[in-house]
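Chains as they are written, first to last, in the working numbering: chain A, 1 to 276; chain B, 1 to 310.
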Amino acid sequence: MRLEFLRLWRARRPLVAAFSLLFFVALMLVGFYTYAQSKTGGHAEFRYTFENRSYFNGLTFALYTFYFGSLLVLPIFAATEGGAQIAGDTQSGAMKLLLTRPVERGGIFGGKILVAGIFSTLLVGFLLGLGLLCGLLAVGWGDLDLYPGVLQMTERHQHLPQEVALRRLALVWPAASLSLFVPLCMSFWISTWVRSPVNAVGTAVSLYLMMYVVSEIHFFQELRPWFFTSYMAYWRGLFQAEIDWAEVSQSALRLAGFGFAFLALAFRRFRRREEF
Amino acid sequence: MSQQPVIIEGLEYRFGRRKALADIDLRIGTGEILGLVGPNGSGKTTLLKILAGLLRPSAGEVRVFGLDPFRDRARVMRRARFAFAPPPLFEGLTAHEHIAHLAGLGGQRPGRAAVTEALEVVGLADRAGDRVRTFSLGMRQRLTLAQALLPRPELLVLDEPTDGLDPLAVLELRGVLERLRDDHGVTILLASHLMVEVEELVDRILVLMDGRVEFCGAPQELMRKGERLRLAPATGNLEDFAAHLRAAGHGDARVDGESVLVAAGALDLESARELARAGDFGLAAFAIERPHLQAALLERQRQRLEVRRS
């Protein structure tokens, strides 16, 4: 594992991910600012969201930024990590180098998924922290008010005092990390079949986007339970005034099930495959 | 009783429907240096990968230290080291980190002194702190060899270890391998295109052609099989002289440069002189020619192609 951490640290992937997320958050800030400007006739006071005449502050900005980022941006980095760890090492020959040492395949696989999982968790925390920081500096924090709308953050108005909202956002970190774990595991599985990291990442991202779209379209509601993307935003339940822990736990367990299923398939393939 | 490090019986490997290896039987003794040679696509690297447990044989049995390398790969790797070509390396690490981390995988992490010594053996001690991505091909080859030596294995398998090395480095490598065999009894399997190196270093040679064993034995034996008699007539035309020899029962006589070649042992000096006189040619030159290993192999390949065409 030490070796994998060192290799990850020396690779450009963490830096690329960090700068990409910085750019994304900046883009979101610009987006909200220009929207507010157009809707308030030039008075850019960040007072309205596009859903309703709700109170908008730094916490709302952080939450919305994280919502979009965790569902559409972070899975790309998860797919990239899965592709790099298995397919990337296979193509570069580094996998052969590891396999010609006295280490079991399970040890190699375990080290890689652990490092990739920790990296993904750090990315989740980074995005969350960055959104909160930008929200604080650009707008200022306050109480969190959420209203029903197209983002489906809530079915009825929720008001959370600032301290409670911040604690809930802290809980989002491990919860969303679990969500991200699933596309990471799927990417690992694909990566054990495909030798080219480009193809592995492309396939993983395409599959994720397809499933995400299907799970968001009401027309496909019968298929939704079968796609892990339907549960990835389960952490929204943490922003109810009274959290329904049974529902949140159930979604978390489903995601964990999907994740470990992909992981089991990936390890089964990795254990038996030949290295050409 | 010491076990032979490598035992291969009836090995076959298929890529789809194509047989990459067939009917391979081989035993490598402890402390032996075996050279593995053959043209591109003959199956050398496939054989090495099977020994490393990276590929699963389609048929036959392979044992490395009595173990199935595909099933018990990690246990085999406690006693064997492999260095493949082109050398796979961790680009972002320094040479020191590369050796230290790899050597520590599955075992005890070596001390700084041991890593430095390994780098000194291959002449990279002064580049220990540099990133591997800045290394030339020759330096990568040396680093690959260094990582294969730490900790010292009982079986060392090297795939094209002299690629990219300058002549001095090749000489140094030969010295390292000889010391490993002589001082520590390490068994070495060496796949190489550089025939001169194989010829000088190995105890036995295994020649693969089209995935099959073409020859297995001492290099001198192969070169002896390639011996030829070179005859030059005192007068007359070379083609006529060759035809005269063929008519006398030496069907393989052929013109080569400024003389005629026939199989060694077919004629002694007296009978060659008699035969030349009988055709009014006279004999100007009579020499036994023993080819170098490369020439012997090329001749064997040529004969094989001729058999295939006919």
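Here a beta-carbon is modelled for each residue, glycine too, at the ideal position from N, C-alpha and C.
Close-in-space but distant-in-sequence residues of the same chain around residue i (CB under 8 Å, 5 per side omitted)
i: E275 (chain A); result: T90, M95, K96 and L99
i: L3 (chain A); result: G111
i: G138 (chain B); result: G164, L165, D166 and A169
i: F61 (chain A); result: M28, L29, F32, F46, G131, C134, G135, A138 and V139
i: H184 (chain B); result: R152
i: V213 (chain B); result: D23, I24, D25, L26, L206 and V207
i: M209 (chain B); result: G38, P39, S42, R300, Q301 and R304
i: V260 (chain B); result: R230, L231, A232, P233, L238, F241, A242, L245, A253 and R254
Beta-carbon neighbours of residue i, restricted to chain B and to distances below 7 Å
i: L92 (chain A); result: Reading the sequence as shown, one finds Ser at residue 92 (chain A) and not Leu. Residues of chain B passing the Cβ test: P88.
Chain-ordered chain B contacts of residue i [CB-CB under 8 Å]
i: E81 (chain A); result: Ordered by position in chain B, no residue passes the 8 Å Cβ test against E81 (chain A), which lies about 15 Å from the chain.
C-alpha distance - residue i paired with residue j, whole-angstrom precision
i: T80 (chain A); j: R290 (chain B); result: 58 Å
i: L216 (chain B); j: L206 (chain B); result: The amino acid occupying residue 216 (chain B) in the given sequence is Cys; Leu does not appear at that position. Using only the alpha carbons, I get a separation of about 4 Å.
i: F239 (chain A); j: Q158 (chain A); result: 8 Å
i: N52 (chain A); j: Q162 (chain A); result: Caution applies to N52 (chain A), whose pLDDT of 45 falls short of 50 and renders its modelled position unreliable; the value that the coordinates give is listed next. Approximately 21 Å between the Cα atoms of the pair.
i: L293 (chain B); j: E221 (chain B); result: 10 Å
i: R304 (chain B); j: L298 (chain B); result: 10 Å
i: R302 (chain B); j: D252 (chain B); result: 14 Å
i: A261 (chain A); j: F228 (chain A); result: 11 Å
i: L89 (chain B); j: N40 (chain B); result: 23 Å
i: S177 (chain A); j: V124 (chain A); result: 6 Å
i: L171 (chain B); j: D130 (chain B); result: 25 Å
i: R272 (chain A); j: W189 (chain A); result: 13 Å
i: L171 (chain A); j: V73 (chain A); result: 20 Å
i: R71 (chain B); j: A175 (chain A); result: 39 Å
i: K49 (chain B); j: P57 (chain B); result: 10 Å
i: G265 (chain B); j: M223 (chain B); result: 14 Å
Contacts around residue i, its chain only, beta-carbon distance under 6 Å, and the 5 residues preceding and following it disregarded
i: L149 (chain B); result: A118
i: L190 (chain B); result: G35 and L158
i: G211 (chain B); result: K19, A20, L21, A22 and G43
i: R63 (chain B); result: I7
i: A263 (chain B); result: D252
i: S54 (chain A); result: Residue placement at S54 (chain A) cannot be trusted, given a pLDDT of 47 that sits under 50; the coordinates are not used to answer.
Element boundaries [beta strand (DSSP E), containing residue i]
i: S259 (chain B); result: S259 to A263
i: Y13 (chain B); result: V6 to F15
i: L208 (chain B); result: R204 to M209
i: G175 (chain B); result: Segment P167 to H184 is the alpha helix (DSSP H) holding G175 (chain B); no beta strand (DSSP E) there.
i: A284 (chain B); result: L283 to E289
Terminal residues of the alpha helix (DSSP H) in which residue i lies
i: Y64 (chain A); result: G58 to F68
i: T192 (chain A); result: Q162 to W193
i: G257 (chain A); result: W245 to R272
i: R273 (chain B); result: L269 to A278
i: F109 (chain A); result: R105 to A138
i: V205 (chain A); result: P197 to E216
i: F5 (chain A); result: R2 to R10
Whole-number beta carbon distance between residue j and residue i, since they are thought to touch under 8 Å
i: E104 (chain A); j: A74 (chain B); result: 5 Å
i: E12 (chain B); j: D25 (chain B); result: At roughly 11 Å, the Cβ-Cβ gap does not stay under 8 Å, so E12 (chain B) and D25 (chain B) are not in contact.
i: L332 (chain B); j: R101 (chain A); result: Any property of residue 332 (chain B) remains undetermined from this structure, which presents chain B solely from 1 to 310.
i: L177 (chain B); j: L201 (chain B); result: 6 Å
i: E239 (chain B); j: I288 (chain B); result: That belief does not hold up - the Cβ atoms of E239 (chain B) and I288 (chain B) are roughly 23 Å apart, past 8 Å.
Contacts that residue i makes with chain A (C-beta to C-beta distance below 8 Å)
i: R78 (chain B); result: P102
i: L55 (chain B); result: E274, E275 and F276
i: L102 (chain B); result: L3, L97 and R101
i: E97 (chain B); result: L6
Partner residues on chain A for residue i, Cβ-Cβ distance less than 7 Å
i: G107 (chain B); result: P102
i: A74 (chain B); result: P102, V103 and E104
i: L92 (chain B); result: It is worth fixing the name first, because residue 92 (chain B) is Gly in this sequence and not Leu. Near G92 (chain B) (Cβ distances below 7 Å), the residues of chain A are R7, R10 and A11.
i: A52 (chain B); result: T100
9 Å Cβ cut-off: residues of chain A touching residue i
i: F84 (chain B); result: G93, K96, L97 and T100
Under 9 Å by beta carbon: chain B residues contacting residue i
i: L178 (chain A); result: Those within 9 Å of L178 (chain A) in chain B number zero; the least Cβ separation is about 30 Å.
Own chain residues within Cβ distance below 7 Å of residue i, not counting five before or after
i: V248 (chain A); result: Y234, G237 and L238
Residue-level contact to chain C via CB, residue i, 9 Å cutoff
i: R81 (chain B); result: The chain inventory of the structure shown lacks chain C, comprising the protein chains A and B.
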